[in-house]
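Undergrad: Got a structure for you, written out below as structure tokens; questions coming shortly.
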Amino acid sequence: MRTKHELGAAIRRDRRAALVVNARSRRGRRLYEHARALLTRAGFELLGAYPADRPGELERSLDDALALGPDLLVAGGGDGTQSAAARLLAHRDVALGLLPLGTTNNFARTLGLPLDLASAVAVLADGKVIDVDLGLAGDVPFANHVGVGMSADIMLRTPPALKRVTGRLAYPATALALLARHRALRATVRAGDATHEFHTHQLYVANGGFHAGRPITADTDADDRLLVAYPVGGPTRRGLLRDTARNAATGARRTLAETPFLAVGELWLETDRPARVEVDGELCGQTPIRIGLAANALRVMAPADALDR
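Here the sequence shown is numbered in the working numbering, starting from 1 and rising by one per residue.
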């Protein structure tokens, strides 16, 4: 493995990259050709370019792109796309470049990346390689979060066409339709010698610093060796709605020391009945589940002034 400095120098010098764009994401289909042109204009030699627009094609395209031997694998799409690329590149001598073309772009926000395409390409050309933590849901790496409860049901029910038209508003719209018949969960979180009980419609375990496009707290990020577990509201539907609005409005002013956040390195999560688990917006099994961390597992291109622990 090259050092981060050596890999970054190779990217800036040789400009050897491969591009994969999830053309099923909100903006991917529309912006694929523009992204390709911007990368070429920035001096990148694209060893391969793949617009993935059919079910199952994204993972195959990422595998094909990696097989070309790039120093930088550029993934365009939303958080599900970035998480799929992160899983593939974990512990490899290749940097992930992000083009945030999705609905909420939580991972890009956590890394402090600009959300407009031209500025994101500029980071790939002039930024630096850093390494960040990945979460582990069982043995599945993730970049942002694990969700149990309403969020998993929302992932199952949100129509892709609604996401393309309304962006991140598609999720609360679907949630309101599901809320009337949703049953709260009794969740148990075990971390070390401590046990925490929650009666809630929604529980998250976050690795990154953003959820639904908003800060979780002012002091969370993807490079702090911590997972953050927290419920959203209690057993009532009104509490879920109240805390969802509160988190969106006040996340940037809250800290991990406040209730109800639990900052831990590893945990075991179980529920009173088997519950679907969503990992970065993709359904991935059910409870019970162990959630842990792989420290500094992923190398990514970030702005030149990004914090790197």
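Here a beta-carbon is modelled for each residue, glycine too, at the ideal position from N, C-alpha and C.
Tell me whether the beta-carbon of V228 lies closer than 7 Å to the beta-carbon of D243.
TA: Result no, Cβ atoms of V228 and D243 do not sit closer than 7 Å.
Undergrad: Taking the C-alpha atoms as reference points, what is the distance between R2 and V132?
TA: The alpha-carbon atoms of R2 and V132 are separated by roughly 16 Å.
Undergrad: Three or more C-beta pairs under 8 Å: does that hold for the region 185-194 against the region 258-271?
TA: By the Cβ test, the region 185-194 is in contact with the region 258-271, since at least three Cβ pairs between them sit closer than 8 Å.
Undergrad: Between the Cα of M155 and those of V277, L98, N22 and E59, spot the shortest distance and give me the residue it belongs to.
TA: V277
Undergrad: Do F142 and V279 have their beta-carbon atoms positioned less than 7 Å apart in this structure?
TA: yes
Undergrad: What does DSSP give as the partner residues of Q82 in its beta bridges?
TA: Answer is none; Q82 lacks a bridge partner.
Undergrad: Quick one: is D224 near chain C, going by C-beta distance under 7 Å?
TA: No chain C is part of this structure, which consists of one protein chain only.
Undergrad: In whole angstroms, give me the CA-to-CA distance for L7 and S83.
TA: 21 Å
Undergrad: DSSP state of G102, grouped into three classes?
TA: coil
Undergrad: Please go through the same chain and pick out, in chain order, the residues whose beta-carbon is closer than 7 Å to the beta-carbon of A218, but skip the five residues on each side of it.
TA: A252, R253, R254 and T255
Undergrad: Which residues bound the beta strand (DSSP E) around R276?
TA: R276 to V279
Undergrad: What do you reckon, are the CB atoms on L99 and I11 nearer than 7 Å?
TA: no
Undergrad: Looking at C-alpha atoms only, which residue of V300, R237 and A173 is the closest neighbour of A90?
TA: Answer by Cα proximity: V300.
Undergrad: Identify whether H5 lies in helix, strand or coil by the three-state DSSP scheme.
TA: helix
Undergrad: Could you please give the first and the last residue of the uninterrupted beta strand (DSSP E) stretch that includes N310?
TA: Outside the shown range of the chain, which is 1 to 309, sits residue 310, and nothing can be said about it.
Undergrad: DSSP state of N22, grouped into three classes?
TA: Correct three-state label for N22: strand.
Undergrad: Among R273, A304 and G77, which one has its Cα closest to the Cα of I289?
TA: R273
Undergrad: Name the one or two DSSP bridge partners that F210 has.
TA: P215
Undergrad: Anyone know if the C-beta pair for I318 and A23 falls short of 7 Å?
TA: The displayed coordinates of the chain run from 1 to 309. Any statement about residue 318 would go beyond what the structure contains.
Undergrad: Between L115 and the rest of its own chain, which residues show a CB-CB distance below 7 Å, the 5 nearest in sequence each way excluded?
TA: P100, N105 and A108
Undergrad: Suppose you measure from the CA of E59 to the CA of L38; what does that come to, to the nearest Å?
TA: 24 Å
Undergrad: Taking only three categories from DSSP, how would you classify H34?
TA: helix
Undergrad: Going along the chain, which residues of its own chain have a beta-carbon closer than 6 Å to the beta-carbon of A295, five neighbours each way excluded?
TA: D133 and R225
Undergrad: On the DSSP letters alone, give me the boundaries of the beta strand (DSSP E) that D133 sits inside.
TA: D133 -> beta strand (DSSP E) spans K128 to A137.
Undergrad: Return helix, strand or coil for T158, following the three-state DSSP convention.
TA: coil
Undergrad: The alpha helix (DSSP H) that contains L58, what's its start and end?
TA: L58: member of the alpha helix (DSSP H) spanning E57 to A67, first to last residue.
Undergrad: So is H211 buried or exposed if we call it buried at 16+ other beta carbons inside 10 Å?
TA: buried
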